[in-house]
Every structure is written in C-alpha cells, then in structure tokens.
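The structure appears right after this line, and notes come after that.
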Ligand SMILES: Nc1ncnc2c1ncn2[C@@H]1O[C@H](COP(=O)(O)OP(=O)(O)O)[C@@H](O)[C@H]1O
Ligand SMILES: [Mg+2]
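This is how it looks when you write it as structure tokens:
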C-alpha cells in the first residue's frame, strides 16, 4: 500500500477541486445559455414554444440528476454515441441547471408590472427590443441574487459526476479513502472544501438580496 | 375625414360581452372625453383602438388603416397612436431623458443627438426640462405623468389616448397634468381621454361620449350634453359624479 502524507492528501484534493470548479463553471455557463434561450421561447407567447419549455422543465426538474447523468453517459453510448464522463457530466448538469434557472427567472420576470410590456408596445418597440431594453435590465437586477444562490446547487451537483467516473473532488476523495482507509479525515476535508466553495456564494447571494431590497 | 373610426365593434373576454357594437368616429383635432361608470368598457375601448386588445367583430381604422393585434400592425400603429396610462408605466431603470429618447432612437432610428433634442423639447413642453437626468422614482406622481406624456409626444402621434391619467394622482397634482393636456388641445392634437374630470370635459373637450353597459349610450357636443343630458342613465351618472 502506498503511504499518503497529510500533505499528499491535501494536494490531491486541491488538485481535484480544480476539476470541480471547472465542471461547475461549464455547467453554469451552459445552463445559463440554454436557460436564456428557453426564457426567450417562453416569453414569445407562442403556445408550441411554451409547451416545449414546460415539458423540458418538468422533465429535468422531475427526475433525479443522477439518473440524468446515467442516461447521458450510459444511454448515449448504448445508442452508439461515444461520450466521455466529462461530456456527459457537462451535458446533464447543463440540463439540470437550465431547468431550474428558467423557473427562477420566470418568477423574476413575472414580478415586473404588465404595464412595462404595454407601454413598450404602445411606443412601437418590437418583442425583442422590449426584452432587451426594458425587461431584461430590470429582471437581471431581481434575478442576480437567486441565480448566484442557485450556483451553490450546481457545485454540489457536480459531486454526482464521480459516479460516472469523472475525476473531481468527490471521486478523488473516494479514491484516497480506498487507499488510506481514513474516511473521517478525508471526507471531512472534502466537505470542508465544498463548504469553502459554496459558503462565499451563499453570502454573496444574501448580500445582493439585501442590496436589492434596500434600493427598491 | 375621420382619424379614428370604429364600426360595430364587439369585444368579448371569454363569454363576457364587454363592447356591444361600438360606433364612433373621431376627426383630427377633436378632444373626445369618454365618461361612464366603472366596468362600462371605457378602458377596453381605448385598448382596442391601439391594438392592445383584440376585438371579435366589426372594424377599427386609424388614419384609414385597419387596426389588428398583429405585432407588425401594432408597431406601425404606434407611430400614429400614443397612449398614456393611469399608472404612468415609466421605465424605472432609465432616466427621464432616456425614457423619452428610447422609442425615437430604436423605433424611429433617429440619431442620438436628434432624439435628445426632441426629448428636451418635449420635456420643456410639459414643464420638466430640468428633470432630464433624474430617475422617475425621484419625481412626484404629477411629474411622472407629465414625463409619460412627453414620452408619447416624442413619437409625434396623430392621436393621444389617455386612460384616467389623473386618477392615481393626489388631488393637488391633478391640475398640472390637466394644464398640459389643455395646452396640447390648444395646439390641435387629437385627444381621446377616459376621464372623471367633468369640468375638463366641458371646458376643454369638444365632445363627450357616455358609455353604459358596453355601448355608446349618448354622445354629443360637450357643453350641450353635460348641461342637458337626455338619457336617465347619464343623468344618474352625472348626479353621482357631481
Ligand atoms: N383582461 C380582462 N379579462 C376579463 N375581463 C376583463 C378584462 N379587462 C376588463 N374586463 C371586464 O370588462 C369590463 C369592462 O372593463 P373596462 O374596460 O376596464 O371598464 P372601465 O374602464 O369602463 O372601468 C369589466 O366588466 C371588466 O371586469
Ligand atoms: Mg378603466
């Protein structure tokens, strides 16, 4: 058996943390992009478009993220599409993130008075112009705090990628545990690292929320 | 020639028959006051004229062109019809100047300098030139409503629709908004306003349209009709308002 000093353990965990951060970022960027598209589709008031968004949201909110990851990873390869653990993790986390962001943003957009749409329409602004100049600037202010808050869920969600063999923080923790049989020490460290990633985001989200409430 | 024409317009919200065959003809330069009880369909009528609501039967034309709720149509319509709302609907994230400049810039594609000149002129007209860089939330209700008027005027509409635009204001702020409207009327702009201000309707308005249960119940020259109402419903309504 290989000996792992505390230094080795920490070094390995911190190295793996990079992958957790990278995966979180990728999922967040992917999720935001898809959620923006879905939000625009929902706002068109086209029934078919709205239906698609509704089904999408229900599908990905109504099933466990782990199953989505399994399906992306094993399912796609069974269908003949070779997909890496990295690719499957990003794909499923993007589905997961976007499905929740669409709903969060829907709430934010719906809090804006209907009069903002009507005034824009009466001034001759097109749908996209209204979105860009009137709705989004106001909605973004409201949506920032809950969106940052949700990013914590994305980070924690990346831990599931360990199950399909993607080597990130949780996976390295498991591997180190198998090698050292020191679960308490190792998983405490792993949890601590997640906490250090998530806590500042939670704090920042709370801070934004307060700032927004005061300025209203 | 008529600027706004409604011919046998029917409007339903689901099963609810809200406009029951409206005929109305408004010529350029007229100041038409629409009065009537709450729920009689006044707002719905205005909202059909500018394409915010769909009507099911009949026809509406503005400046000879048919009104529909198709996006393209509404946008073209916006070039001739301005709308002022009861609760202002200013854009809170933009300064007063930006509020007024927005549509001329992105809809009429005016240059920034040109749009700014227009905006300053319109704010001057409503007596708010010095508020160009303020945010709406810093203004009183009366000032906000005047900004909304300036914003609509910046699109040089042929007709301005006003839906109870002084109803949300503290009583002492009503006068400043009515004064602006009176000035506009003098300049010859066509106004269609839903209002409870009977003095304004009589003194500034050219015509009064009394709506009752989704119909034009009685209409005529403002001074005549208000001093000598014909139908019991109008008499009763005026008794309640005065
Ligand atoms: N969006 C709507 N959906 C359903 N019913 C409506 C809607 N807007 C107005 N109504 C109904 O239509 C009728 C006329 O309303 P409205 O035009 O607002 O009257 P007014 O402006 O004269 O008070 C009312 O009975 C009202 O309840
Ligand atoms: Mg009304």
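Chains as they are written, first to last, in the numbering used here: chain W, 426 to 641; chain E, 4 to 245. Even for Gly, the Cβ is constructed at its ideal location relative to N, Cα and C.
Just to make sure I have the definition right: I need the residues of chain W whose C-beta is within less than 8 Å of the C-beta of residue i. Which are they?
| i | result |
| --- | --- |
| residue 109(E) | 550, 554 and 558 |
| residue 92(E) | 538, 540, 541, 543 and 544 |
| residue 158(E) | 548 and 549 |
Residue i and residue j look like a contact to me (Cβ under 8 Å); what is the Cβ gap, rounded to whole Å?
| i | j | result |
| --- | --- | --- |
| residue 214(E) | residue 41(E) | Between residue 41(E) and residue 214(E) the Cβ distance is about 11 Å, and since that is not below 8 Å, they are no contact. |
| residue 197(E) | residue 49(E) | 6 Å |
| residue 598(W) | residue 518(W) | About 19 Å; that fails the 8 Å criterion. |
| residue 73(E) | residue 13(E) | No, residue 73(E) and residue 13(E) are not in contact; Cβ-Cβ is about 19 Å, not under 8 Å. |
| residue 80(E) | residue 58(E) | With a Cβ gap of about 14 Å, residue 80(E) and residue 58(E) do not count as contacting. |
| residue 168(E) | residue 87(E) | 5 Å |
| residue 633(W) | residue 573(W) | 6 Å |
| residue 163(E) | residue 146(E) | No, residue 163(E) and residue 146(E) are not in contact; Cβ-Cβ is about 18 Å, not under 8 Å. |
| residue 579(W) | residue 522(W) | 5 Å |
| residue 24(E) | residue 218(E) | 7 Å |
| residue 144(E) | residue 173(E) | 6 Å |
| residue 33(E) | residue 149(E) | Rounded, the Cβ-Cβ distance is 23 Å, inconsistent with contact. |
| residue 604(W) | residue 440(W) | That belief does not hold up - the Cβ atoms of residue 604(W) and residue 440(W) are roughly 15 Å apart, past 8 Å. |
| residue 508(W) | residue 571(W) | 31 Å between Cβ atoms; not a contact. |
Could you give the distance in angstroms between the alpha-carbon of residue i and the alpha-carbon of residue j?
| i | j | result |
| --- | --- | --- |
| residue 35(E) | residue 531(W) | 40 Å |
| residue 266(E) | residue 516(W) | The structure shown does not extend to residue 266(E), since chain E is modelled only from 4 to 245, so the question has no answer here. |
| residue 242(E) | residue 235(E) | 10 Å |
| residue 134(E) | residue 103(E) | 12 Å |
| residue 641(W) | residue 187(E) | Confidence at residue 641(W) is low in this model, with a pLDDT of 46, below 50, so its placement is unreliable and the value that follows should be read with caution. The straight-line gap from Cα to Cα measures roughly 34 Å. |
| residue 152(E) | residue 480(W) | 43 Å |
| residue 486(W) | residue 559(W) | 29 Å |
| residue 569(W) | residue 70(E) | 40 Å |
| residue 563(W) | residue 533(W) | 9 Å |
| residue 225(E) | residue 244(E) | 16 Å |
| residue 622(W) | residue 113(E) | 49 Å |
| residue 93(E) | residue 541(W) | 7 Å |
| residue 497(W) | residue 453(W) | 18 Å |
| residue 63(E) | residue 11(E) | 9 Å |
| residue 119(E) | residue 136(E) | 12 Å |
| residue 594(W) | residue 618(W) | 9 Å |
| residue 31(E) | residue 66(E) | 9 Å |
| residue 627(W) | residue 590(W) | 28 Å |
| residue 4(E) | residue 29(E) | 9 Å |
| residue 47(E) | residue 537(W) | 22 Å |
| residue 82(E) | residue 549(W) | 7 Å |
| residue 183(E) | residue 176(E) | 12 Å |
| residue 636(W) | residue 584(W) | 31 Å |
| residue 461(W) | residue 6(E) | 42 Å |
| residue 471(W) | residue 465(W) | 11 Å |
| residue 26(E) | residue 223(E) | 13 Å |
| residue 227(E) | residue 16(E) | 34 Å |
| residue 630(W) | residue 557(W) | 24 Å |
| residue 488(W) | residue 553(W) | 33 Å |
| residue 239(E) | residue 555(W) | 43 Å |
| residue 206(E) | residue 121(E) | 30 Å |
| residue 386(W) | residue 45(E) | Nothing can be reported for residue 386(W), as the shown portion of chain W is limited to 426 through 641. |
Along chain W, in chain order, which residues have C-beta atoms closer than 9 Å to that of residue i?
| i | result |
| --- | --- |
| residue 81(E) | 546, 547, 548, 549 and 550 |
| residue 116(E) | In chain order: nothing, as chain W lies at least about 19 Å away. |
| residue 78(E) | 546, 549, 550 and 551 |
| residue 88(E) | 540, 543, 544 and 547 |
| residue 74(E) | 546, 551 and 552 |
Which chain E residues sit within Cβ distance under 9 Å of residue i?
| i | result |
| --- | --- |
| residue 563(W) | 94, 95 and 96 |
What in chain W is Cβ-close to residue i, meaning under 7 Å?
| i | result |
| --- | --- |
| residue 53(E) | 547 |
| residue 106(E) | 548, 549 and 550 |
Any heavy atom of ligand 3 closer than 7 Å to the Cβ of residue i?
| i | result |
| --- | --- |
| residue 47(E) | Although ligand 3 was asked about, the structure shown includes only ligand 1 and ligand 2 as ligands. |
- Pairing CB atoms from the stretch 175 to 194 of chain E with CB atoms from the stretch 132 to 141 of chain E, are three or more of them under 8 Å? no
- How do the stretch 49 to 62 of chain E and the stretch 212 to 228 of chain E stand: do at least 3 beta-carbon pairs fall below 8 Å, yes or no? no
- Message: Would the stretch 532 to 550 of chain W count as touching the stretch 505 to 513 of chain W if we require 3 or more Cβ pairs under 8 Å?
- Response: no
- Query: Quick one: any contact between the stretch 145 to 164 of chain E and the stretch 97 to 115 of chain E, if contact means 3 or more CB pairs under 8 Å?
  - Reply: yes
- Item | In chain order, each beta strand (DSSP E) run of at least 3 residues that lies wholly inside the stretch 64 to 142 of chain E | 84 to 87
- Considering only residues of the stretch 158 to 245 of chain E, which uninterrupted alpha helix (DSSP H) runs meet the minimum length of 4 residues and lie entirely inside it, listed in chain order? 174 to 189, 201 to 206, 225 to 230 and 235 to 244
- Evaluate the contact criterion for the stretch 113 to 132 of chain E versus the stretch 197 to 206 of chain E: three or more CB pairs, one atom per stretch, below 8 Å. no
- Message: Ignoring anything shorter than 3 residues, give me the beta strand (DSSP E) runs that lie fully in the stretch 476 to 550 of chain W, in order along the chain.
- Response: none
- Taking three-plus beta-carbon pairs below 8 Å as touching, is the stretch 610 to 617 of chain W in contact with the stretch 434 to 453 of chain W? yes
- Query: If we count Cβ pairs, one from each stretch, closer than 8 Å, do we get three or more for the stretch 442 to 459 of chain W versus the stretch 469 to 477 of chain W?
  - Reply: no
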